[in-house]
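Below is one structure, written out as structure tokens, with a few remarks after it.
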Amino acid sequence: MIVGLWPPSELMHEYRPTWSQSNSSPGCPVVQLCFPEYQYEIEFPVIIQSESELENSNEIQVSSFHSLCSNAKQSINEAKSAIFMQILNPELSFKSVDGCLMAYSAASSSVHLSKQQELACYLPCPPAIAIEVLWNLRYSICDVPDAMIAFVISCLVSWPQATRQNLKSYTDKWCWQKLLKEIYSLLAVTPVPYPGLILRLLSSDVADQGIRHWATRALSLLSSDNLLLYLPQIIEAVNHDLYLDYSGLVSLLLYRAAFSMRFANSLYWYLYPMLHHPQPLSEWKLQRFRFIQAALYWNANSRLHAMWKRQEEMINHLSVTATKVKQARPNASVRENILYTHLKRFMSELSKSYHDISSSSSHIETTDKNISMLRSNSWADDQLISDFSKLDSEWSRNKSADNILSEYQLSQYDLGLRMPYNPGLITHRLDITACSYFTSFTCPLRLVFHALDAGTEPFMVMFKVGDDLRLDSLICQLTFLMDRIWLDAGLDLRMIHFRILPTEEQKGFIELVSECSTLRQIQQQGGGLTGPFKEGVITKWLQSQNITELDYKRALDNFLRSLAGCCVATYILGVGDRHNDNIMIRYSGHVFHVDFSKVFGNSQTFAGIKRDRVPFVLTQDMLHVLNTYSKDVTNLPYGVNNSSGFGYTPGHGSSHSQQGVQIFIDRCCEAYNLLRHRSYQLISLLELSLSMNIPGLNRDCIRFVLRALRLELNDQEASQYFTELVRKTLHSKSSSLNFFVHGLAQVKQASHGGGVSGTNTNASDNNSPPIINNQFDNHWNTDNNINNNNNKRVNNNNSNISGKLVNDSKTRSPPTISNSLSNYTGTGQIFSFNPKRFTNDSDGTIDAIVVETAVKKKTDDKHSDYYFPMNVWRENCRVPTRVYRRVSDLEELETRLQERFPNSAVTKTVSHIMNALNSISISSTRSQDHVQSLTDSLLSDDDIVSKSAIVYTFFHSVLFDERFTAEDMPSQGLTTSTSSSLINCWSSSSPLQDYLPEKSKEYTTPLLIPSLSSSSLSSFHLFHNNSDDLLKSTYKVDHLPAVHIQLYLSENSRRLDVLIKHARCLYIPGSNEPPDVYVKVYLLSGRRRKTTKHKTNIVRRSSFPSFNITFSYDLIPNDIQCGFIEVSAWHSVHIGENIPFGQIYIQLKSIRPGHVYSNWYILCSDPACLS
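For the sequence shown, position 1132 (counting from the first letter as 1) is numbered 1132 according to UniProt numbering, and the numbering increases by one without interruption.
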């Protein structure tokens, strides 16, 4: 055969998008292809492609997986585990094979049991047993996606025995056709599995085109946005297709790119770094990627061509800029000059085309309007109209020259620059004064772009040269997919995600998250260098950033949920190098991690010492937030001295509750088990990523993830395992010590003039305020906030990276004059007690302010001071807003007025009143009169002062105002209905019910047997059942001693699992010390009592312990009819008898087989009930 060749791949975009046909043009090079010839005929199996043929090819009757017995279900689960783990974890695979054989044999009849034992001796290798089990139960696994995928990939390698039984009378070809028909028929009735499992059928070990076609069709059912989540692995799966021209994956990618600009842009930038890598891939891989890129470019219109060209030009400019900044002398002024010089050049080229076309369009519209106006007026002479007509024709020629807008129907959005990592972000201007660089080793650039839409906040991105970002991008993808798994199951952990896009070798973009701060910043602000060892710094920071009760409770809830997600995700992925500059907290309470250079167990070391010594980061200040969640969100009673379930004592007289920690543990265990259920999807993605040549990713990384998932455990054992990890982490001080050492290292680096990683060391002139530099990791920055005031560059030590100026000083003392300008200009903080600013338009006009006599109030830090209650009346509002201000707050107001309005008469009046106020007693009536005169002067005829942001921010209600108002409600005679109508939510319990999770209402189930407790405990009973018709209870038992128990009785009623989860409100009589708690469980059914005893571990110093320990009992019919479960809680004493807290009895016959019961059971504390 003679075929003509096409030109080289660099010019392929000028030709057809497919090259399967021979080039017939004259002058093209030709080659002669010779194929081998055989004396016999070669037959290939017929692949059924149409749905009608597929349905009629083999009539099968499938059954539901849930209709199988428990042993059959277990055998299927063990079989799929043995197949998936055959290469990654052989030890677990062999163990699963043994469990599969035992479970399947138990589910079989006696006749089938003997056959199965003979079959086991005949099979050549252990995994074949799993194949036989799946083959025999193949009609019941169609609704189990992971089991069906395991069945398909295993049958293609090792045929089931049933297809070999007629091997002597039939040919191999017949057996292969029969097997394929059976697989095709099963796939036809199988629901679409998860995308990660679908990609398993597109890996290199699945070569059958019919199965790959089914997997491609399954992927085509996903939307373009969902398909983007798996785009890197889909592109890699293209390399495993036999033929590129007939590849369904390529057709799917090009089809979606033709109808989605976002999809086309993502596909282009995933292919771009592969084609521009200095260490090229294999030649056939490189050729395939060139074909796909050429086809994408051919199908794209001129808009996409222009967009990609502008994006490539931007990357080239930024690469040169970042390289020059990195290679410059480590001097701040030198690097700044290089940075601004290159950015100005880039800015001019960025805005040139946009402003040219915009000005041309503006001129055309103006000229047309003027000529029309002249022609409509009678006073215009012919000469004037002629002159304007010539001008009109000239502009028409210019307009035809710039006719690209009308010719291609482009809008102004096609003129801007779309960001490669998110084409929805369009910009036309770079804020050069706000751009900077990070003083880390690679000196990445921090770029601030203004969006094309007017009124939209600027967005920021980091451009980095010198680090390979492919591994970071993979971790971000896996974290996002984990969050999707949780959301699909109804678990919202409110995770924060950001994009990382590698563009070329060791180059790429990192999206920056706004309105957040590093954990080191928060700890240093609350305690200096020793901040990592102090409790409450995060809690106080969240209070300062959320000035209303509703926002604060939302932040606590966000913190608990996102912290649980981060702990689970970082543990499974083995994220290391977790110092406090790599942990971020948003103002809204969301926690997220950055810098994923050390993952899959690759821990950071210092002088040969392993720095990451805990499974995940969970420190005492984080635990303090969880305890505060218990008090402020779950509304538990105050005045109770208790401690957490892990040996953490909040302090003498603390009112913290442990319920927040228990909720945190429950969310962690739920998230952990959900990922274990979908573990094969994550493993498939990682396996397909092995061939992407990502540095640091190998098969050992996948084995690390498997070890972290602990697939050999059931859900209850996995919950117990993760609870022990939480307890181990909280008992360790290594994280706090690591934070402290890291802070010392950064201070030392800053003292040597090297700046602090994360910000640029700016050279300021003599008139500028001093510049404070803070450190961040080499991937992230949240501390540079720049305000251009009087053409002077001002850096403030804050954490808002959205381009807004925010002063992070949270002390109540008045700020100094040196940073006064940064406190009333821009959009940042004005007063130390209010991190935000408010105006007349946002709050409403103030009509009057009524001041009351000063009262003494105690804040959260137990500090007492005198406050002046003020009722602020606003227009069209019947109820005033109540605020509380101290004399120091009034002095801060005076300072702000002097800085902003130095020549105003109001400022002079306020200064005179403050001088008189400081000379008298605060508690006197005269002080109230002086403060009233001060507020009246602020609302005088000077509208510039009375309607300024300083006045409205000062009288805006903050968090402590709402709390003080709630305390004074009884004395003020306010009812619940009255308080609910107050501005800014004086009592936030009502609106919170719509937002926060439903308050725990797990009441004890009603009685079956009369109570044996004393008369003082007549509100609840000792014996309980689990009848579904009696679950509604009216007992107020939220604050009584109780144990959270989960019961499960197997479907055949032969096994009972008792899960002891948590306990609450356990106190030692006559002592303020937290107890050492353990729980005992007995089965009372006529057996010897000691033979059924089970006991949990002792949780030290905890009134609200968490256990998550499961005990199992093998039952007989007599146990179900007359048996009870006795559960009792005890305080362990070193010398003497242990102290009981109470006990409870649960009837076994009230438990329905196959159902899970999870309730809080109230303990009877009568000593006569305990034995």
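Beta carbons: idealized from backbone N, C-alpha and C, even for Gly.
**Asked** Using the beta-carbon count (16 or more within 10 Å), is residue 1093 buried or exposed?
**Response** To locate residue 1093, count along the sequence shown from 1; it is residue 1093. Exposed: under 16 other Cβ atoms inside 10 Å.
**Message:** Threshold first: 4 residues or longer. Then list the alpha helix (DSSP H) segments lying entirely within the segment 1085-1149, N to C.
**Reply:** Runs of alpha helix (DSSP H) with 4 or more residues, each lying fully within the segment 1085-1149, are found at 1117-1122, listed in chain order.
**Message:** Excluding the 5 residues flanking residue 323 on each side, which residues of the same chain have their C-beta closer than 7 Å to its C-beta?
**Reply:** Translated into the one-based positions of the sequence shown, residue 323 becomes position 323. For residue 323, where only same-chain residues beyond five positions count, the Cβ hits under 7 Å are 465.
**Message:** Out of 1162, 538 and 723, which one is the CA nearest neighbour of residue 616?
**Reply:** In the sequence shown, counting from the first residue as 1, residue 616 sits at position 616. When only C-alpha atoms are compared, the closest one is 723.
**Prompt:** According to DSSP, what are the bridge partners of residue 856?
**Reply:** In the sequence shown, the residue the question calls residue 856 occupies position 856. 866, per the DSSP bridge assignment.
**Asked** Between residue 475 and the rest of its own chain, which residues show a CB-CB distance below 8 Å, the 5 nearest in sequence each way excluded?
**Response** Indexing the sequence shown from 1 puts residue 475 at position 475. These residues qualify, in order along the chain: 573, 575, 596 and 599.
**Asked** Alpha carbon to alpha carbon, what distance is there between residue 536 and residue 909?
**Response** Counting from one through the sequence shown, the residue named residue 909 turns up at place 909. Counting from one through the sequence shown, the residue named residue 536 turns up at place 536. Rounded to whole angstroms, the separation of the alpha carbons of residue 536 and residue 909 is 40 Å.
**Request:** Please work out which residues of its chain come closer than 6 Å, Cβ to Cβ, to residue 1, disregarding the five sequence neighbours upstream and downstream, and give them in chain order.
**Result:** Along the sequence shown, read from residue 1 onward, the residue named residue 1 stands at position 1. Answer for residue 1: 33, listed in chain order.
**Prompt:** Any idea what DSSP makes of residue 466, helix, strand or coil?
**Reply:** Here residue 466 is taken as the residue at index 466 of the sequence shown, counted from 1. Under the three-state reduction of DSSP, residue 466 is assigned to coil, being neither helix nor strand.
**Environment of residue 842 [buried if 16+ CB atoms lie within 10 Å]** = Here the question's residue 842 lines up with position 842 in the sequence shown. Exposed: under 16 other Cβ atoms inside 10 Å.
**Request:** Measure the alpha-carbon distance for residue 542 versus residue 69 and round it to whole angstroms.
**Result:** The residue given as residue 542 occupies position 542 in the sequence shown. The residue given as residue 69 occupies position 69 in the sequence shown. About 52 Å.
**Check whether residue 1069 and residue 1139 have beta carbons under 9 Å apart** = Counting from 1 along the sequence shown, the entry for residue 1069 is found at position 1069. Counting from 1 along the sequence shown, the entry for residue 1139 is found at position 1139. Yes. Within cutoff.
**Item:** Inter-residue Cα distance where the pair is residue 675 and residue 233
**Value:** Position 675 of the sequence shown, counted from the start, is the residue given in the question as residue 675. Position 233 of the sequence shown, counted from the start, is the residue given in the question as residue 233. The alpha-carbon atoms of residue 675 and residue 233 are separated by roughly 20 Å.
**Asked** Residues in its own chain within less than 8 Å of residue 1097 by CB, not counting five upstream and five downstream?
**Response** Mapped onto the sequence shown, residue 1097 falls at position 1097. Closer than 8 Å at the Cβ level, and outside the excluded window around residue 1097, lie 1078, 1107 and 1109.
**Asked** Grouping DSSP H, G and I as helix and E and B as strand, with all else coil, what is residue 504?
**Response** The residue given as residue 504 occupies position 504 in the sequence shown. Here residue 504 carries a strand assignment [DSSP, helix/strand/coil].
**Prompt:** Tell me, which residues are paired with residue 537 by DSSP?
**Reply:** Numbered from its first residue, the sequence shown carries residue 537 at position 537. When beta bridges are read from the DSSP output, residue 537 appears opposite no residue.
**Request:** Quick one: measure Cβ to Cβ for residue 1104 and residue 662, integer angstroms, because I've assumed they're closer than 8 Å.
**Result:** Indexing the sequence shown from 1 puts residue 1104 at position 1104. Indexing the sequence shown from 1 puts residue 662 at position 662. Indeed they touch by this definition, with Cβ atoms about 7 Å apart.
**Item:** Spatial neighbours of residue 648 in its chain, beta-carbon cut-off 6 Å, leaving aside the 5 residues before and after
**Value:** Position 648 of the sequence shown, counted from the first residue, corresponds to residue 648. Because residue 648 carries a pLDDT of 41, less than 50, the predicted location of this residue cannot be relied on, and the following value inherits that uncertainty. In its chain, beyond the 5 residues on either side, 623 have a beta carbon closer than 6 Å to the beta carbon of residue 648.
**Prompt:** Could you check where the beta strand (DSSP E) with residue 829 kicks off and where it finishes?
**Reply:** Locating residue 829 in the sequence shown gives position 829, where the first residue counts as 1. Looking at the DSSP string, residue 829 is not in any beta strand (DSSP E), and its letter there is neither H nor E.
**Asked** Residues bridged to residue 1048 by DSSP?
**Response** The residue you call residue 1048 lines up with position 1048 of the sequence shown. Residue 1048 is bridged to 1057 and 1156.
**Prompt:** Can you give the Cα-Cα distance for residue 1086 and residue 1115, rounded to whole angstroms?
**Reply:** On the sequence shown, residue 1086 is found 1086 positions in, with the first residue counted as 1. On the sequence shown, residue 1115 is found 1115 positions in, with the first residue counted as 1. Cα-Cα distance, rounded: 12 Å.
**Request:** Helix, strand or coil for residue 592, going by three-state DSSP, please let me know.
**Result:** If you number the sequence shown from 1, residue 592 lands on position 592. Residue state, collapsed to three classes: strand.
**Asked** Under 9 Å between the Cβ atoms of residue 339 and residue 436?
**Response** As a working mapping, residue 339 is identified with position 339 in the sequence shown. As a working mapping, residue 436 is identified with position 436 in the sequence shown. The Cβ-Cβ distance between residue 339 and residue 436 falls below 9 Å.
**Asked** Distance, Cα to Cα, residue 243 vs residue 285?
**Response** Mapped onto the sequence shown, residue 243 falls at position 243. Mapped onto the sequence shown, residue 285 falls at position 285. Their Cα atoms are separated by approximately 12 Å.
**Item:** For residue 956: DSSP bridge partner residues
**Value:** For this step, residue 956 is matched to residue 956 along the sequence shown. According to DSSP, residue 956 shares a beta bridge with no other residue.
**Request:** Using the Cα positions of residue 206 and residue 294, report the straight-line distance between them to the nearest angstrom.
**Result:** Along the sequence shown, read from residue 1 onward, the residue named residue 206 stands at position 206. Along the sequence shown, read from residue 1 onward, the residue named residue 294 stands at position 294. Cα-Cα distance, rounded: 27 Å.
**Message:** Let me make sure I understand the geometry here. Which of 327, 678 and 629 has the alpha-carbon closest to that of residue 488?
**Reply:** Residue mapping note: residue 488 aligns to position 488 of the sequence shown, counting from 1. Nearest to residue 488 by alpha-carbon distance, out of 327, 678 and 629, is 678.
**Request:** Please confirm whether residue 85 and residue 96 have their CB atoms less than 9 Å apart.
**Result:** Residue numbering aside, residue 85 sits at position 85 when the sequence shown is read from its first letter. Residue numbering aside, residue 96 sits at position 96 when the sequence shown is read from its first letter. Contact: yes.
**Asked** Okay, do the segment 130-147 and the segment 186-200 touch, 3+ Cβ pairs below 8 Å being the bar?
**Response** Below 8 Å, enough C-beta pairs join the segment 130-147 and the segment 186-200 to call them touching: three or more.
**Asked** Which parts of the segment 889-926 are runs of the alpha helix (DSSP H), unbroken and 4 residues or longer, counting only runs that do not cross its ends?
**Response** Secondary structure within the segment 889-926: the alpha helix (DSSP H) runs of 4 or more consecutive residues, fully enclosed, are 905-917 (chain order).
**Message:** Using only the alpha-carbon positions, how far apart do residue 312 and residue 747 sit?
**Reply:** Reading the sequence shown from its first residue, position 312 is the one you call residue 312. Reading the sequence shown from its first residue, position 747 is the one you call residue 747. Going by C-alpha positions, residue 312 is about 39 Å away from residue 747.
**Asked** In whole angstroms, what is the alpha-carbon distance linking residue 903 and residue 472?
**Response** Numbered from its first residue, the sequence shown carries residue 903 at position 903. Numbered from its first residue, the sequence shown carries residue 472 at position 472. Roughly 56 Å between the two C-alpha positions.
**Request:** Grab me the residues of residue 702's own chain with a C-beta within less than 7 Å of its C-beta, minus the 5 sequence neighbours each way, in chain order.
**Result:** The residue labelled residue 702 in the question sits at position 702 within the sequence shown. The beta carbon of residue 702 is closer than 7 Å to those of 88, 683, 686 and 687 in its chain, skipping five residues each way along the sequence.
**Boundaries (first-last residue) of the alpha helix (DSSP H) holding residue 196** = For this step, residue 196 is matched to residue 196 along the sequence shown. Run containing residue 196: 195-200, per the alpha helix (DSSP H) assignment.
**Neighbourhood of residue 620 by C-beta, 6 Å cutoff - its chain only, sequence neighbours within 5 removed** = Locating residue 620 in the sequence shown gives position 620, counting from the first residue. Closer than 6 Å at the Cβ level, and outside the excluded window around residue 620, lie 535.
**Request:** Compare the Cα-Cα distances from residue 463 to each of 491, 693, 421 and 36 and report the closest residue.
**Result:** As a position in the sequence shown, residue 463 is number 463, starting the count at 1. It is 421 whose Cα lies nearest to the Cα of residue 463.
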